[in-house]
Structure formats: C-alpha cells, structure tokens
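Report on the following structure.
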Amino acid sequence: METESVLVDAMSAKFVLRPEDLSVVVASNLNADVLSDLGSALAGSLGLAAGANLNPERRFPSMFEPVHGSAPDIAGQGLANPIGAVGSAALMLEHFCLPDQAARLNKAIEATTAAGILTRDVGGTAATEDVTKALIDALTI
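If you count by the working numbering, then the sequence shown holds residues 22 to 162, one letter each, in order.
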C-alpha cells in the first residue's frame, strides 16, 4: 500500500481532478468533514454518503453517521435521503465484525436505488418514508 501526505486544499483538488487516484482518505475530523462533504457532493448528493469516525485501537467508541448530519433545514418534510444513514449502519456492522449483515444492508441499498426509488436530491420523487420502506422490503427478500 502506498501512502501520501497531502494538505487539505490540494486534496480537494485531487477529489475534483483525479478521483480515480484515491482509494482511502484518512484525515483529521475537521478536514475529513470538509472532504467527505465534497466527495459525496461530487458523487451526486450528501444524502448518499455514509460516514465513520473510527478508533482503530478500539480503546474508545467509534461513531457512525451519514455525512449530511442531521439536516435540520429539511426536518419533518420527508425530503431527507435515508441511504447515508443505512450505509453508516452497514459500516458499523462491518466494524463489529458482522460482514454478512453489512452486506445485506448494502444489497438493500443497491436494490432500492436500482429500482429507481430515489429522493429528490438524486433526481427522484420518493419521500423519505418511501425509500425507507423500500429498503426494509429489500431486506426481507
């Protein structure tokens, strides 16, 4: 594995100009917050991106949350994309050494998006509840 130390402004440029050169990015909390927002926006929406703040030594708890955070500006309107939250749960399951359960969640995300059940932020018309129901239905298959 090759590693490289890059300042956050140069890394932002890499995200935009040469994303194919990136596989894993490790950064401090502040810089990772900026870069994860940029990366998910470039991928199509902040609503799609899962996030994990890992403590690899497992001495302290790790935290799993969607990149978009709580999005209080759209709370209660049925506009939030739940995929980032479900993807974060999959990351948590992987961290807990439960890869089969994580894979089930990821397959549910794939099935839901492939079926075109999408929220407005990614060009769909479905409400938060519709996408959530589709994800749950895909888990029961």
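Note that beta-carbon positions come from the ideal geometry of N, C-alpha and C, so glycine has one too.
The model shown is predicted, which means the values in this text are computed figures rather than measured ones.
Grouping DSSP H, G and I as helix and E and B as strand, with all else coil, what is M32?
Reduced to three states, the DSSP call for M32 is helix.
Span separating the alpha-carbon of F36 from that of A159
Rounded to whole angstroms, the gap between the alpha carbons of F36 and A159 is 32 Å.
Count the CB pairs spanning the region 51-59 and the region 22-42 that are closer than 8 Å, and state whether there are at least three.
Yes, they touch.
Are the beta-carbon atoms belonging to A127 and A111 less than 7 Å from one another?
Reading off the sequence shown, one finds Asn at residue 127, where the question assumed Ala. Result yes, Cβ atoms of N127 and A111 sit closer than 7 Å.
Going by C-alpha distance, which of V47, L43, G105 and I138 is nearest G90?
When V47, L43, G105 and I138 are compared, the shortest CA-CA separation from G90 is found for G105.
Quick check on the DSSP output: the beta strand (DSSP E) that includes P87 runs from which residue to which?
Its beta strand (DSSP E) spans residues M84 to P87.
What residue from G144, G97, R125 and T153 has the CA that sits closest to I162's CA?
Among G144, G97, R125 and T153, the Cα nearest to that of I162 is on R125.
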